[in-house]
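This report concerns only the one structure given below.
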Amino acid sequence: MRVFVLNGPNLGRLGTRQPEVYGGTTYADLAEHLVETGRGMGLEVEVRQSDSEAEMIGWLHEAADADAPVVLNAGAWTHYSYALADAAALVPRYVEVHISNVHAREEFRHHSVLSAKADGIIVGCGVGGYDLALAHLAATAR
Ligand code: DQA
14 MRVFVLNGPN LGRLGTRQPE VYGGTTYADL AEHLVETGRG MGLEVEVRQS DSEAEMIGWL
74 HEAADADAPV VLNAGAWTHY SYALADAAAL VPRYVEVHIS NVHAREEFRH HSVLSAKADG
134 IIVGCGVGGY DLALAHLAAT AR
């Protein structure tokens, strides 16, 4: 099964961006790790990151056309982008991931416009949350 792991704005800076919040794993290392981990679960994982909302919406359309589930860390878009929420609603299913515990942070991070239609939500488990999301998708493949 093909799975898209889509990352929103500023996540390409992982490793140097607020390591006390997001950890020290670089985006490149995370992407490589997820492809490997996915392979071990029988998944064909594609990891992408964009700071452009239009590009991210295009990728969600691509996942919808490919009938591929998505692991989605939409970064700050999570909290306000109805356009992204509408695009995410088109994919067969998605798991929303946040590296940090958004509920323990600023008020504006407590609400997600993506959660209502998510298959599952993984918050505050560090970059390991992506592995958990892949494991969930592999275990419940349909
Ligand atoms: C994040 C949390 C968001 O609030 C923030 O804007 C991010 C990353 C996380 O993974 O913890 O960019 O989605």
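Converting from the sequence shown to full-length UniProt numbering requires adding 13 to each position, the first position being numbered 1. For glycine and all other residues, C-beta sits at the position ideal for the given N, C-alpha and C.
As computed with DSSP, residue 108 is found in a beta bridge with 84, 133. Following the DSSP letters along the chain, one finds residue 19 inside the beta strand (DSSP E) bounded by residues 15-20.
Contact between residue 147 and residue 48 is absent: CB atoms are separated by about 10 Å, not below the 8 Å threshold.
In this structure, residue 62 lies near residue 40, with their beta-carbon atoms less than 8 Å apart.
The three-state secondary structure of residue 122, taken from DSSP, is helix. Under the DSSP assignment, residue 48 falls outside any beta strand (DSSP E), being part of the alpha helix (DSSP H) whose first and last residues are 40-53.
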